[in-house]
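Input: a single structure, listed below in structure tokens.
There are 4 protein chains.
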Amino acid sequence: MKRNIVLVDPLPRTLDLIMTPDVRRRLAQLGEVVVCEDRQMPAEQVEALLPDTVLIFGQTDMPKERLDRAPRLKAIINVESNFLPNIDYQACVERGIWVITPASAFAPPVAEAALGMAIDLARGITKADRQFRAGVEDYGLAGNGETFRFAGAPVGLIGFGDLGRQLRDLIRPFRNSVRVFDPWLPAEIVERLDCMPASLDEVLCESRVVFVFASVTSENEGFIGRREFAMMQPGSAFLLMSRAAVVDFPAMLEAVRSGHIRAATDVFPDEPVAPDDPVRKVEGLLLSAHRTGGTRDAFYALGSMAVADAELIMKGLPPQLCRRADPATASRLRSKPVSVS
Amino acid sequence: MKRNIVLVDPLPRTLDLIMTPDVRRRLAQLGEVVVCEDRQMPAEQVEALLPDTVLIFGQTDMPKERLDRAPRLKAIINVESNFLPNIDYQACVERGIWVITPASAFAPPVAEAALGMAIDLARGITKADRQFRAGVEDYGLAGNGETFRFAGAPVGLIGFGDLGRQLRDLIRPFRNSVRVFDPWLPAEIVERLDCMPASLDEVLCESRVVFVFASVTSENEGFIGRREFAMMQPGSAFLLMSRAAVVDFPAMLEAVRSGHIRAATDVFPDEPVAPDDPVRKVEGLLLSAHRTGGTRDAFYALGSMAVADAELIMKGLPPQLCRRADPATASRLRSKPVSVS
Amino acid sequence: MKRNIVLVDPLPRTLDLIMTPDVRRRLAQLGEVVVCEDRQMPAEQVEALLPDTVLIFGQTDMPKERLDRAPRLKAIINVESNFLPNIDYQACVERGIWVITPASAFAPPVAEAALGMAIDLARGITKADRQFRAGVEDYGLAGNGETFRFAGAPVGLIGFGDLGRQLRDLIRPFRNSVRVFDPWLPAEIVERLDCMPASLDEVLCESRVVFVFASVTSENEGFIGRREFAMMQPGSAFLLMSRAAVVDFPAMLEAVRSGHIRAATDVFPDEPVAPDDPVRKVEGLLLSAHRTGGTRDAFYALGSMAVADAELIMKGLPPQLCRRADPATASRLRSKPVSVS
Amino acid sequence: MKRNIVLVDPLPRTLDLIMTPDVRRRLAQLGEVVVCEDRQMPAEQVEALLPDTVLIFGQTDMPKERLDRAPRLKAIINVESNFLPNIDYQACVERGIWVITPASAFAPPVAEAALGMAIDLARGITKADRQFRAGVEDYGLAGNGETFRFAGAPVGLIGFGDLGRQLRDLIRPFRNSVRVFDPWLPAEIVERLDCMPASLDEVLCESRVVFVFASVTSENEGFIGRREFAMMQPGSAFLLMSRAAVVDFPAMLEAVRSGHIRAATDVFPDEPVAPDDPVRKVEGLLLSAHRTGGTRDAFYALGSMAVADAELIMKGLPPQLCRRADPATASRLRSKPVSVS
């Protein structure tokens, strides 16, 4: 009788990180689970398992030759969340092997933090706490000199994937007008969610709060630079929530330092940030150490989405929760792989 | 021909503070506007105007004798927002004189800030910024050791007036279960807004995030004390948004200092807070100098609500935006009058 | 020791109609309940009870002299739902006696039916069923010649009290623009619920679906007549949900018969409608025999709201669920009393 | 220079049916448009165009040999809405040719009508109109003997694709509990939209209103039959909105005729229905001649979604609005092709 190997090669994740005991039990019912999580699974172990492997959870290299030796493989489920160039995507498509990732697991915590940070910038929450601790707080109206209401403020979204749509849902009670710049989407998608499709320049000129949720691609590195920050309204708020590489980081810092805008960032060109990096001293900048997405619940969602889709695939049904790798667009993405969770 | 005097005696507010030019024009159309805003309107001026006064905007003393000398008076519109014992409420009721206040103008900015602060406490936003500035930030999962998701966390509301209901609307997308303690309300009001009526103890025991929106009355001073804080779940968040007097403030600080809970407060027993008050150093406490309500837009809303209701009253219609003074409940309230805006 | 009489004189309602056993138990805890429900409570019985009566549920005549003989009376709770001229409202106000009614209990079922009827008129549901039964149905696109989508159609509301606001909530997912004509309300109330304040003419000209929720007053009888129907867009839908007297009924029927508009009505100038009334044959008119409000759950809500507010009043708190009689506006209302439930 | 042929072979649709002038202009900018809409495009014409064809709008047969002769083909966009076995789907996948359909264009009008019909069944709208016309109407409570409120009634959905999710959104203000049976979906998808995953039997037993939105597959023909109808609560409502073949139609009619349930159906085993079919006489059945989806706006949405995705595809981006044919699941679907719009 045939074995059904479920090859688990999850680094930089570990099973404990991404699966609750309950989900792990569901994983075990998918087949014979073979795990290697202290290092990347060694080539000889992979090779030995390939003939009976039906599912791969992880980022194992899967060139054409390996795919050829895995005739029963149904899916490769990337639990790191960025598609890497170590898989022959075209061969997978031709074979009907699903290559998917539960990357959207990180969208809810990031969107939640993004809203918290946006209210913070608008209303001066962190800044007022800092002033209070320094003994220089202002009360009442005097303490609201530079604040504005997030409710009703024109909002702009740069990038309208999982993250942008999550944020859009969270801010509905605030009744903002919302402009969206996303060159990968048709107007219909934007309008269905009660937003206005807009150019990048319109988003920057017309919004009081701008959220950046765009992925890095080969085409958009540094596309928000000095010219773009200059377009923003004085006193408006800029939140960088996706990847540092989409902005000209020094230009952003300069726009904040000069008092033209205020900003929040969860990402930095080099992480960890150097101890003496002057970014640490910028007034008007809300600092977050790439920590808005990596919450415990998000990692667990990564695992439960992966297993739920694997269950569907084993029944011959298409996955519903994970994103599929499209060979064409996968090649445009430039995300750096994550080295630690 | 009779004059229609609109007596404006708005201290501690001023007309510029509470009315945009547009609203001020509408005010002028209500009658002959007489303003005294550098001090309380002198008695002799009030007396001279009473016979022709149809509307009072402000906190003028109006005992029975003055009411008797104001036979055409239709409404007294308090623009400070707390009803004071300087009016003969019963006489107003008998005469059909509306005594109203647009106090709910402050609810939207407070609720917005309360949500921002709640996400801040849950996700550690201000704290992470402080750590980053101190060079001791943690990245990714390591930076989320003590955080929790606001989305889905059980929420408790103590007090369910304008403020509590505004907050309830703002958090709908986060799908929290919401328990409400408000002894002045029937279960139906709470349930209609998809909340669960609960006792104070249930709110404290079952919630991960507790918001205090209760007014101070003669019956509830300091009703949240040591026993109540001890009931809260370890690591939960407590937000004091209404009046300091409803809690035992030292007990709250002790609960935070000990690490049992984290908290945010917009109010303090004595304001301004003394320069050397140790409250300024409490880790785990988010400090706000009574500034969440006093935004420019809230003051303008105060004026526009007051004028809109005055317009209705002059047409013989009931006011729709302001709250009415109920003689019975007005006497239970213990808010301190505001001395400055 | 004093008795606390709860005088229950509910005709045309009965206690079984308006209270579930559970609510009836709560009623019993308010005091000593004395019920007369086979006829109006006889004068001698009322007189005997007045000295100890604390609450009245029903439509008992309460002129000044009776109020004077009821020194402990706290509230009169009208369970019919229309305020009648059989109470000295001014004396009640002066005494601090609440005069209230849970009339809004009928709003939810009426709004639900109004939406059902609006979709029916827009999409031709009842008409298509009638054609199918007659063997003349059209399939697919051919069956949609005169239909339009309710979603996105401009909606107009005439009257924006409980009913209009309930309907407004129900149609949110359909993303209609909504114009509101209500001369008793300030623009702020309308705008807060994402509607546009408008004149009657604007509502009629700009809407594809017009709902009439207005009460009859001494000033608005027949205010929607030939001129107004002529203003409506050809093929638009008109729903009369409140009182027949606000429209010129023959003018409405003529507008429907001519094919200019389609309509639904839940009310008629004389009810029951005569067997040979030609209204029964009008194509394009959806007929409902004053039945959208009178659902079993609405009657039970009448009772539970009445008892919940009585509970608050007995604790010295203001009612929260019922509407208060304002002496000034009560006198403008012209609703006919209901003779049967 | 190369021609970019856009081959348009849309029968049973026509371009006028599915594209407004504005969308048609956008179509023209995609390439050189060649249309055949009075009949299926003749083989010789297809063959002549294949070498330069980049896009196909329509249901042209595309076996492997034709695909091989269309080396520049990027997408086949089915505007009928059911995937048929006349395309070599596997070859398309291997070539990276998108095979998509804007079938979800029909979901909004069907969901809207489904809600209208559900309120109709719950509240007896069509039936009350019929009784009124027959002179046997009942007023007020008497007219509500068999009605129930749709608001709050437990709802069951069988099938949770585009249609089910649209309906779920529309009923949010009614606060129903919603159970979902859909064996193709993981629990997460159901729960995210605030529904409860359930078995078919649970849906039938626990719901007061059951909507059938399921597609027909090789596995589910007639899966709702006598046993299933017997499980339903007496007086509950059943709405058949997708395909007649998923139910045992005679069993459904019997359940309605016996008075056990009430029902609405938009589909019939044979359409058009025979003039003497007894279905036309069934009391308690709301009849609709397969007309809830085929609204003018839905056909226009079909065209605009098709063109918007074609625009993305021509830019090298993945389609966002249309559904992709998954070779595996496409083969399970059993919808009959539409012969006329």
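Chains as they are written, first to last, in the numbering used here: chain A, 3 to 343; chain B, 3 to 343; chain C, 3 to 343; chain D, 3 to 343. For each residue, glycine too, the CB sits at the ideal point set by N, CA and C. No experiment lies behind these values; they were computed from the predicted model shown.
Check, Outcome
"Within 10 angstroms of the Cβ of residue 168 (chain C), are there 16 or more other Cβ atoms? Answer buried if so, exposed if not.", "buried"
"Would you kindly work out how many angstroms separate the C-alpha atoms of residue 77 (chain A) and residue 63 (chain A), rounded to a whole number?", "13 Å"
"Note the first and the last residue of the continuous beta strand (DSSP E) segment covering residue 238 (chain A).", "238–242"
"Starting from the C-beta of residue 41 (chain B), find all residues in its chain whose C-beta is less than 8 Å away, skip the five residues before and the five after it, and write them out in chain order.", "13"
"Determine contact between the stretch 141–153 of chain A and the stretch 292–304 of chain B, defined as no fewer than three beta-carbon pairs at a distance below 8 Å.", "yes"
"In this structure, does DSSP put residue 7 (chain C) in helix, strand or coil?", "strand"
"What separation, rounded to the nearest whole angstrom, lies between the Cα atoms of residue 81 (chain A) and residue 179 (chain C)?", "44 Å"
"Please check the pair residue 153 (chain C) and residue 177 (chain C), which I expect to be a contact at CB under 8 Å, by giving their CB distance rounded to whole angstroms.", "6 Å"
"Assuming contact is defined by CB atoms lying nearer than 8 Å, are residue 75 (chain B) and residue 90 (chain B) in contact in what I supplied?", "no"
"Can you say whether residue 265 (chain B) is buried or exposed, counting buried as having 16 or more other CB atoms within 10 angstroms of its CB?", "buried"
"Is it the case that the stretch 310–323 of chain C contacts the stretch 181–194 of chain B, given that we only count it when at least three CB pairs across the two stretches are under 8 Å?", "yes"
"Just checking, does the stretch 265–275 of chain D make contact with the stretch 239–256 of chain D on the three C-beta pairs under 8 Å criterion?", "yes"
"Can you list, in chain order, the residues of its chain whose CB lies under 6 Å from that of residue 94 (chain D), leaving out five sequence neighbours each side?", "101"
"Report yes or no: is there a C-beta of chain A within less than 8 Å of the C-beta of residue 322 (chain D)?", "yes"
"Answer with yes or no whether the minimum CB distance from residue 328 (chain D) to chain A is below 8 Å.", "yes"
"Please give the ranges of any beta strand (DSSP E) in the stretch 83–142 of chain D, keeping only runs that are unbroken, at least 3 residues long and fully inside the region.", "100–103"
"Say whether chain D places a C-beta atom closer than 8 Å to the C-beta of residue 2 (chain C).", "This structure gives no information on residue 2 (chain C), because the portion of chain C shown stretches from 3 to 343."
"Give every residue of the same chain whose Cβ lies closer than 7 Å to the Cβ of residue 105 (chain D), excluding the five residues on either side of it in the sequence, and list them in chain order.", "83 and 325"
"Apart from the five residues just before and just after residue 25 (chain A), which ones in its own chain have a Cβ nearer than 6 Å to its Cβ?", "305, 306 and 309"
"To be precise: take each residue of the stretch 116–127 of chain D, compare its Cβ to all Cβ atoms of chain C, and keep it if any distance is under 7 Å. Which residues remain?", "117, 118, 119, 121, 122, 125 and 127"
"Residue 181 (chain B) and residue 208 (chain B) - do their beta-carbons sit closer together than 8 Å?", "yes"
"Taking residue 313 (chain A) as part of the alpha helix (DSSP H), name the residues at either end of that continuous run.", "298–316"
"Quick one: using the 10 Å Cβ neighbour count with 16 as the cut-off for buried, is residue 224 (chain C) buried or exposed?", "exposed"
"Under 8 Å between C-beta atoms, does residue 44 (chain C) make it to chain B?", "no"
"Apart from the five residues just before and just after residue 125 (chain D), which ones in its own chain have a Cβ nearer than 6 Å to its Cβ?", "149"
"Between residue 191 (chain C) and chain B, is there a C-beta pair that is closer than 8 Å?", "yes"
"If you draw a straight line from the C-alpha of residue 232 (chain B) to the C-alpha of residue 202 (chain B), how long is it?", "13 Å"
"Please confirm whether residue 146 (chain B) has its beta-carbon closer than 8 Å to some beta-carbon of chain A.", "yes"
"Beta carbon of residue 239 (chain B): closer than 7 Å to some heavy atom of the ligand MG?", "Of the ligands one can find in the structure shown there are none, so the ligand MG has no counterpart to examine."
"For residue 251 (chain C) and residue 286 (chain D), I'd like the C-alpha separation in whole angstroms.", "31 Å"
"Bridge partners for residue 199 (chain D) per DSSP, in chain order?", "D:182"
"So, using beta-carbon positions, are residue 192 (chain D) and residue 162 (chain D) closer together than 8 Å?", "yes"
"Within 10 Å of its beta-carbon, does residue 249 (chain C) have 16 or more other beta-carbons around it, so buried, or fewer, so exposed?", "buried"
"In terms of residue numbering, what span does the beta strand (DSSP E) encompassing residue 264 (chain D) cover?", "264–267"
"Going straight from the alpha carbon of residue 60 (chain A) to that of residue 18 (chain A), what length do you get?", "14 Å"
"Whose C-alpha, out of C:99, C:116 and C:146, is nearest the C-alpha of residue 112 (chain D)?", "C:146"
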